[in-house]
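This report refers to the structure that appears directly beneath it.
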Amino acid sequence: MGKSHEKLLNNLEEFRKAANLTQQELSESAEVSRKSINAIENGIYVPSTVLALKIARTLSCNVEELFKLPEENNI
Amino acid sequence: MTFFKRFLVLFTCGSVQVFFATYLLLELFGFGLGWHLAVHNIMFVPGVLVFFGSGYLTISYYFLSDDASNNALYDEFTALRYYKLATAGYVINGIGIFMLYSAQDWSSWSFELANNMIYQIAAFAWLTFGALLVWFSVGDYRESKSG
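Residue numbers (my numbering), protein chains in the order written: chain A, 1 to 75; chain B, 76 to 222.
Now the structure itself:
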């Protein structure tokens with residue numbers, strides 16, 4: 001897990017780099033600003049459901065692979 | 076529309092607003108500035124700028140920009156930034172109004188003092204939201220440099 005929000009852990013940076021995409025390219029595909037992608041990766045911002053689904057679609061993965069609730073890590 | 080253009084519009088509106096609001100507040104509190112605005116109609120400038128600035132942003136959203144630009148400029152994270160700053164503005168205004176009320180001379184209250192207080196409150200709100208507008212615009216400037 002990368003840098004994460006206290007309420008939501010994320011793997012976005014790893015998945016984005018694995019897909020060989022820049023933040024700018026991912027933001028254009030997900031129809032948001034580059035700043036939003038940067039804020040999500042750094043755990044500053046928790047995305048909406050629609051945005052999370054758009055990002056997952058772009059990265060060809062499930063939302064659950066990108067984002068996890070903190071308690072799931074302790075199970 | 077780009078982040079840099081929006082920065083220019085918002086920064087201009089905000090900084091002009093801060094200048095006039097600060098001037099008005101200092102005048103109302105009786106500080107000797109040593110100079111005065113000679114043409115009082117110039118006090119309309121911040122309002123006119125905000126009117127045309129917001130008009131330009133609206134027109135550019137609906138008629139001048141493509142979807143890709145609008146998606147980036149008006150996404151949910153930007154909305155959250157705007158919401159947080161507006162909330163901060165209301166909080167600061169609440170504290171400011173409380174302080175302005177506390178600073179009044181209630182023992183010799185008059186319509187003139189009441190009128191003055193209303194101007195003080197208006198100028199303070201104007202200053203607060205002008206400063207927050209500048210703050211918001213700085214975010215756009217940073218994005219224009221790193222985006």
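Quick reminder that beta carbons are idealized off the backbone N, C-alpha and C, glycines included.
**When N168(B), E218(B), S221(B), T77(B) are compared against S144(B), the one with the closest alpha-carbon** = T77(B)
**Prompt:** Using a beta-carbon distance below 9 Å, is E28(A) in contact with chain B?
**Reply:** yes
**Prompt:** Which residues in the same chain have their Cβ closer than 8 Å to the Cβ of E65(A), if we skip the five residues on either side of it in sequence?
**Reply:** N11, F15, A56
**Message:** Quick check for students: name the residue ranges of the alpha helix (DSSP H) that lie wholly in the segment 11 to 44 of chain A, counting only runs of 4 or more.
**Reply:** 12 to 18, 23 to 30, 34 to 41
**Asked** Whose Cβ in chain B lies nearer than 8 Å to the Cβ of A39(A)?
**Response** F152
**Request:** Check distances from the C-beta atoms of the segment 49 to 71 of chain A to those of chain B and list, in chain order, the residues that come in under 8 Å.
**Result:** L51
**Asked** A198(B) to D215(B), Cα distance in whole Å?
**Response** 26 Å
**Message:** Just to confirm my understanding: we take L175(B), look at its own chain, exclude 5 residues before and 5 after, and list those with CB closer than 7 Å. What are they?
**Reply:** M192, Q195, I196, F199
**Asked** Of all the options Y165(B), S135(B), F186(B), W181(B), which has the alpha carbon lying nearest to the alpha carbon of A206(B)?
**Response** Y165(B)
**Message:** Using a Cβ-Cβ distance cut-off of 9 Å, determine whether D142(B) contacts chain A.
**Reply:** yes
**Request:** Kindly confirm or deny that the segment 147 to 167 of chain B and the segment 86 to 106 of chain B touch, where touching means at least three C-beta pairs closer than 8 Å.
**Result:** no
**Message:** By the three-class DSSP mapping on this structure, what secondary structure does K220(B) have?
**Reply:** helix
**Item:** Within chain A, the residues that L155(B) reaches when beta carbons sit closer than 8 Å
**Value:** Y45
**Message:** At the level of alpha carbons, what is the spacing between S182(B) and I170(B)?
**Reply:** 22 Å
**Prompt:** Given that N146(B) touches chain A, what residues does it touch there, using C-beta distances under 9 Å?
**Reply:** S27, E28, A30, E31, V32, S33
**Prompt:** Taking all protein chains shown into account, do 16 or more other C-beta atoms lie within 10 angstroms of the C-beta of V84(B), making it buried, or fewer, making it exposed?
**Reply:** buried
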